[in-house]
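Plus 343 on top of the position in the sequence shown (first one is 1) and you've got the numbering used here. Ideal Cβ placement from N, Cα and C applies to all residues, glycine included.
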Amino acid sequence: MMQQIISHTPLYVWAVLALLVYRGLLASRDREVSLQKLWIVPVAMLCLSLSSMSGDGVLGGTVWGVWMAGLLAGAALAWKLDGGVRIVVDRAAGTVFQRGSWVPLALMLAIFVAKYAVAVVTAMHPETRDNVLFVVAVTGGFGLFSGMFVGRAVRCVAAWLAQSDAAMA
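Pasting the structure below:
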């Protein structure tokens, strides 16, 4: 059965996986990132998270509220978990120094595996699209994963703004 699942997977899916692994490996090393480039991965993860959502399902328009609750919870969790990490801002160079971490790779792979598993499960068992608990768990999970990326980026922006305020004082 696994061979059938993998053989029916479009090639672009494997390209997306390769890109996610590449970006995750980059994130594992200390690096300076411009404020604009800092948002590439969070925006990509938001797009990946939102790409298969629809207000036409069993939750109707509530799906967006469930996703947003997950997003906010993930952002708050990332803010709290990264709270002890000092963010170094170089306003003159327009960069933020980010410590290397394996967490982004783990989160990207979690999103990929979750999307892949959901696609397989709903293809094999279409009735799961009508299961409220399944849809809430998947939607909230995608929001949570995306929120982790957004929370980390927002923390960097907050450090950027705090340095600006400190420089003005």
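Nearest-angstrom beta carbon gap, residue j and residue i [assumed within contact, 8 angstroms]
i    : j    : result
G490 : L415 : 6 angstroms
I348 : V463 : 6 angstroms
Residue j beta carbon less than 9 angstroms from that of residue i
i    : j    : result
L448 : V359 : no
A387 : R366 : yes
L413 : L487 : A quick correction: the sequence has Gly, not Leu, at residue 413. Cβ atoms of G413 and L487: closer than 9 angstroms.
L381 : V500 : yes
V432 : Q379 : no
S395 : V461 : yes
S444 : A361 : no
A421 : V478 : no
W503 : R434 : yes
Nearest neighbour of residue i, chosen from the options [CA to CA]
i    : options                   : result
G484 : F455, A435, S377 and V497 : F455
G400 : V500, D473 and V497       : D473
V439 : R429, W445 and V446       : R429
CA-to-CA distance, residue j to residue i, given in whole angstroms
i    : j    : result
R495 : V406 : 24 angstroms
M344 : T352 : 13 angstroms
L450 : V409 : 19 angstroms
E470 : Y459 : 17 angstroms
R498 : V376 : 14 angstroms
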